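To keep things clear, I will list the structure first and then write my remarks on it.
In my numbering, the protein residues as written are 29 to 480.
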């Protein structure tokens, strides 16, 4: 039937209780909520954040929802917009590789704003996040065509709307309306990605805000399209063109897609991570700027579409985070890629640009339009020799997960980007771990929403 996927997801969202979640899904939801909060706090320092905040606060006064890294309160729609922007503006937020989507970002920003405005238990918040991610990822993995729109935003609005609906205790019919109203608000262009513009985090902010709006309309009983996903003008035919929903519907609520999310160890586009990992391996094998003649990355079409662009004088941080040549040069020169490497003073360094100019790429024969791997990187050295490494799984993925200590190190670094040394990291980690037993989920925001 045409609406099997929507019906399956709507029933799952309305009928699943926290106790129905397997332990692995609960643990993953806690882990990636913690990651989203941490990168959202660090995003307070990101480019265009102050301008974005100022514009958003002009939409309305007052409110009960808090903005990450600040003591500011705003209406839930505004807080969701700003917090989603902050979660993505450093390109540090978690991702689902198969969906090619930052599936937690809009979902978490919307759900946190709703929970801050109308208190719920920690278990209810975690349930809403797991279900919101399930919806967003389902739409992403159903796609069978290359990216045409900015999928994190276009699937994010559906996930955010359903997450808010779950927090509000919607029945199946109201959840169906969430999908219908989300369709009317879905948007996000890949043009911003192609040009490396800060419009990308703005689009995720808009998705989080729109998710709350869609749920509000659904809760008010306003009619919405029934065939929001697979109807003639539904989401999948319009935004994806080629899709297959049958297998996705069968796995919904069984696989629990939140367990498939990947951490980002580097604050750059996920498509840069395989190349960065390969560069670091070559560096450990003796390749260095002073003995390198050139580097060639053989990678799938998705990598070419997303991050194989030239490093150039005058590029800004948004462009550089999506440029493998620049991030690869950082990895080779510095042995790491950190938040500080995208400051204006770093971006203009002539030695980095010269090193990035030695990077080139070739296309591998991979049919899957969502494939990040395999990738092969070959270094040609001045002495005529060469070294090659192959990457079959990205760092931070389920196949190569970050160790708990590495996860905490990332959280600590993100918190330190916005706050002076204080015990906020340990307080945040403890609150996230205690969420299933907390009567009020707002406690998870307390460590990261006070004034600095």
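Ideal Cβ placement from N, Cα and C applies to all residues, glycine included. Note that the coordinates shown come from a computational prediction; the quantities given were computed from them, not determined experimentally.
Shown here, residue 130 sits in coil according to DSSP, grouped into three states, outside any helix or strand. Nearest Cα to residue 279 within the set 169, 340, 177: 169. For residue 247, the enclosing alpha helix (DSSP H) has its first and last residue at 227–247. A straight-line Cα-Cα distance of about 38 angstroms links residue 310 and residue 455. For residue 419, the enclosing beta strand (DSSP E) stretches over residues 414–419.
Secondary structure at residue 105: helix, using DSSP grouped into helix, strand and coil.
The shortest C-alpha to C-alpha distance from residue 238 to any of 146, 172, 112 is the one to 112. In this structure, DSSP gives residue 149 a state outside helix and strand, which the three-state scheme calls coil. By the Cβ criterion, the stretch 141–158 is in contact with the stretch 191–204, since at least three pairs of Cβ atoms, one from each stretch, lie closer than 8 angstroms. A residue is called buried when at least 16 other Cβ atoms come within 10 angstroms of its Cβ; residue 284 meets this threshold and is buried.
Per DSSP, residue 258 lies in no alpha helix (DSSP H) segment and is marked neither H nor E. The criterion of a C-beta distance shorter than 8 angstroms is satisfied by residue 69 and residue 442. The straight-line gap separating the alpha-carbon atoms of residue 436 and residue 60 is approximately 12 angstroms.
In its chain, beyond the 5 residues on either side, 459 have a beta carbon closer than 7 angstroms to the beta carbon of residue 471. Taken through DSSP and simplified to helix, strand or coil, residue 325 comes out as strand. For the 8 angstroms CB-CB criterion, residue 153 and residue 207 do not form a contact.
In this chain, the alpha helix (DSSP H) harbouring residue 355 covers 352–362. DSSP, read as helix, strand or coil, puts residue 123 in strand. Here residue 438 is buried, its C-beta having at least 16 other C-beta atoms within 10 Å. A distance below 6 angstroms between beta-carbons, with the five flanking residues on each side excluded, links residue 108 to the following residues of its chain, in chain order: 137, 138, 141, 236, 237, 240. Residue 411 has its alpha-carbon roughly 57 angstroms from the corresponding atom of residue 463. Around the beta-carbon of residue 231, 16 or more other beta-carbon atoms lie within 10 Å, marking it buried. Taking a contact to require three or more Cβ pairs closer than 8 angstroms, the stretch 118–128 and the stretch 87–103 do not qualify as touching. Only residues of its own chain outside the window of five on either side were considered, and among them 170, 171, 172, 264 have a CB closer than 6 angstroms to the CB of residue 271, listed in chain order. At a cut-off of 4 residues, the continuous stretches assigned as alpha helix (DSSP H) that sit fully inside the stretch 415–449 are 432–446. Under the three-state reduction of DSSP, residue 264 is assigned to helix. In this chain, residue 368 is not harboured by any alpha helix (DSSP H), its DSSP state being neither H nor E. At least 8 angstroms separates the beta-carbon of residue 178 from that of residue 210. Taking the C-beta atoms as reference points, residue 391 is found no nearer than 8 angstroms to residue 56.
Less than 8 angstroms divides the Cβ of residue 354 from the Cβ of residue 384. Residue 389 sits in a strand when the DSSP states are folded into three classes. For residue 409, the enclosing beta strand (DSSP E) starts and ends at 403–409. In terms of Cβ geometry, residue 114 and residue 160 do not form a close pair [threshold 8 angstroms]. Cβ-Cβ separation between residue 102 and residue 135: approximately 19 angstroms, too far for a contact (criterion under 8 angstroms). The residue from 63, 266, 419 with its alpha-carbon nearest to that of residue 175 is 266. With contact defined as three or more Cβ pairs closer than 8 angstroms, the stretch 29–46 and the stretch 426–434 are not in contact.
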